[in-house]
Amino acid sequence: MRIVLCFPVTEKHIQQIQDAAPEAEIVNAGQERIDECLPTADIFIGHAKVPVDWQRVLDAKRLQWIQSSAAGLDHCLVPGVIDSEIPVSSASGLFAPQVAEQTFALLFGLLRSLPLFFRAEAKRDFTRLPTDDLRGKTVGIVGLGGNGRMIARMLAPWDVRIVATDYYPVEKPDEVDVLWPADRLDDLLAVSDIVILTLPLNAGTLGLFDAQRIAKMRPGSYLINVARGSVVQESALVDALASGHLAGAGLDVTEVEPLAETSPLWDDPKVIITPHVGAQSYRRVDDTVDLVCVNLKRFQQGKSPYNLVDKSLGFPHPTVVWQGETE
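First residue of the sequence shown: 85, per our numbering; consecutive thereafter.
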């Protein structure tokens, strides 16, 4: 069995993976060699950030399982993989605390007018400016997976009302006041002062927040995107901010990454931009390898891996998301 890795592991991590699969040959391809090595893999673990010839991989008829080191799966869920029998599992929910902290950073930065104060600070201008409050607001979470549920849990003590939509509207957390199916999105937008996007990118969510949908958000509301940039059409967002329909936007992701230097979003004082760092953590690789090793043991035992995704949707059912179990 040949395991090909493509994420930033150290020798310690490689040994941990080897201990979980003693008979396997492990190849640490990295981004530099992943396209070359992937057709020879029985198991692929990681996240290819460079172009991969997936048809060549499928033609090799060797790959038996993909374990992504990311929650988003647009890097590997190409049509051929979706149509194949290759199971795919994700890192869904693994970095939920970090994504929630990033959400809070963006949200409080907007509410407390930090972009304006940072600009004033640069000019040594000590002038009071208007700010907004979180307390008493209705927060809508679009996509109540692992990240969405963690954000709801951390928001609950702030005296807010939380509504959410999800493709699987099951097991409503106590801190969520209302959980609707995904087709109730427009109802969520109509009542939300703050809309937080934590949904996956797939055929159904690509460009979901276009001009028509953003127009259904409440005037003066805020949009936070810690999901995938292509869920939101940049031109529609720029127009909504310029017209004043939206009070602000916090973006950890953008429609095209990196964001073009010419984008009006850079200069808009109602916008906070971070370069897709929501899942960053000093424990990221350690935690990923822990999940990888648990799933490797399950694979060798003929069991389904945790976080097994519905490939047509791009995310797992809540009941199969890893909760830190050990084997």
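Every residue gets a Cβ at the ideal spot worked out from N, C-alpha and C, and that includes glycine.
- Excluding five sequence neighbours on each side, which residues of the same chain lie with their C-beta closer than 7 Å to the C-beta of residue 286? Excluding residues within five positions, the ones whose Cβ falls inside 7 Å are 397 and 398.
- the segment 136-145 in contact with the segment 98-108 per 3-pair CB rule at 8 Å: Contact between the segment 136-145 and the segment 98-108 is absent: fewer than three C-beta pairs spanning the two stretches fall below 8 Å.
- Query: Among all the DSSP beta bridges, which residues are the ones paired with residue 168?
  - Reply: DSSP, once it has assigned bridges, lists no residue as partnering residue 168.
- Item | Coil, strand or helix - residue 140 by DSSP | Reduced to three states, the DSSP call for residue 140 is helix.
- Query: With DSSP run on the structure shown, which of helix, strand or coil describes residue 268?
  - Reply: For residue 268, the secondary structure class from DSSP, reduced to helix, strand or coil, is helix.
- Please report the residue range of the beta strand (DSSP E) in which residue 152 lies. Looking at the DSSP string, the run of the beta strand (DSSP E) that includes residue 152 is 149-152.
- Endpoints, beta strand (DSSP E) assigned at residue 250: Run containing residue 250: 245-250, per the beta strand (DSSP E) assignment.
- Task: Would you mind listing the alpha helix (DSSP H) stretches within the segment 319-396 that are 4+ residues and don't spill past its ends, in chain order?
- Result: Listed in chain order, they are 368-384.
- Would you call the CB atoms of residue 307 and residue 328 closer than 9 Å? With respect to residue 328, residue 307 sits apart: the two C-beta atoms are not nearer than 9 Å.
- If you follow the alpha helix (DSSP H) that residue 239 is part of, which residue opens it and which one closes it? Boundaries of the alpha helix (DSSP H) harbouring residue 239: 230-239, taken from the DSSP string.
- Query: With a cut-off of 8 Å, do at least 3 Cβ pairs link the segment 224-235 to the segment 277-286?
  - Reply: Yes, the segment 224-235 is in contact with the segment 277-286.
- In the structure shown, what three-state DSSP assignment does residue 183 receive? In this structure, DSSP gives residue 183 a helical state, which the three-state scheme calls helix.
- residue 207, buried or exposed, once every other Cβ within 10 Å from all chains shown has been counted against 16: Answer is exposed; the Cβ neighbour count stays below 16.
- Query: According to the Cβ coordinates, are residue 354 and residue 277 closer than 9 Å?
  - Reply: Going by C-beta atoms, residue 354 is not nearer than 9 Å to residue 277.
- Query: So residue 187 and residue 310 are in contact, right, with Cβ under 8 Å, and what is the actual spacing, rounded?
  - Reply: That pair is a contact at about 5 Å.
- Query: Based on Cα-Cα distance, which residue from 136, 96, 364 and 86 lies nearest to residue 108?
  - Reply: Comparing Cα positions, the closest option is 86.
- Assuming residue 161 and residue 130 make a contact with CB atoms under 8 Å, what is their CB distance in whole Å? Residue 130 and residue 161 do not touch by the CB rule: their CB atoms are close to 14 Å apart, not below 8 Å.
- Compute the Euclidean distance between the alpha carbons of residue 146 and residue 126, then round it to the nearest angstrom. For residue 146 and residue 126, the distance between alpha carbons rounds to 6 Å.
- Which residues bound the beta strand (DSSP E) around residue 90? Counting along the chain, the beta strand (DSSP E) containing residue 90 begins and ends at 86-90.
- Query: Any idea which residues DSSP pairs residue 70 with across the strands?
  - Reply: Since the displayed the chain opens at 85 and closes at 411, residue 70 lies outside it and no answer follows.
- Just checking my contact of residue 300 with residue 273 at CB under 8 Å: how many whole Å lie between their CB atoms? That pair is a contact at about 5 Å.
- Task: In angstroms with no decimal places, state the Cα-to-Cα distance between residue 302 and residue 382.
- Result: Whole-angstrom Cα-Cα distance: 47 Å.
- Message: On a Cα-Cα basis, can you pick out the residue from 325, 298 and 326 that is closest to residue 315?
- Response: The shortest C-alpha to C-alpha distance from residue 315 to any of 325, 298 and 326 is the one to 298.
- Message: Whole angstroms are fine: how far does the CA of residue 224 sit from the CA of residue 79?
- Response: No statement about residue 79 is possible, as the shown extent of the chain runs from 85 to 411 and does not include it.
- Query: What's the gap between the Cα of residue 313 and the Cα of residue 248?
  - Reply: Per the coordinates, the alpha-carbon of residue 313 lies some 20 Å from the alpha-carbon of residue 248.
- Query: Helix, strand or coil: how does DSSP classify residue 399 here?
  - Reply: Here residue 399 sits in strand by DSSP.
- Item | Under 9 Å between C-beta atoms of residue 178 and residue 392 | No, Cβ-Cβ distance for residue 178 and residue 392 is not below 9 Å.
- Would the beta-carbon of residue 217 fall within 9 Å of that of residue 194? Taking C-beta atoms as the reference points, residue 217 and residue 194 fail to come closer than 9 Å.
- Span separating the alpha-carbon of residue 359 from that of residue 168: Rounded to the nearest angstrom, the two C-alpha atoms are 33 Å apart.
- Message: Can you give me the C-alpha to C-alpha distance between residue 153 and residue 210, rounded to a whole angstrom?
- Response: Cα-Cα distance, rounded: 45 Å.
- Message: Report the CB separation of residue 201 from residue 213 in whole angstroms; it is logged as a contact under 8 Å.
- Response: 7 Å between Cβ atoms; contact.
- Message: Tell me the rounded alpha-carbon separation between residue 97 and residue 373.
- Response: In a straight line, the C-alpha of residue 97 is about 7 Å away from that of residue 373.
- Item | Supposed contact pair residue 183 and residue 386 - C-beta distance, whole angstroms, cut 8 Å | A Cβ-Cβ separation of about 33 Å leaves residue 386 out of contact with residue 183 under the 8 Å criterion.
- Query: Identify the residues that DSSP records as bridge partners of residue 226: which are they?
  - Reply: Bridge partners of residue 226: 249 and 281.
- Message: What would DSSP say about residue 130, mapped onto helix, strand or coil?
- Response: In the structure shown, residue 130 sits in a strand (DSSP, three-state: E or B).
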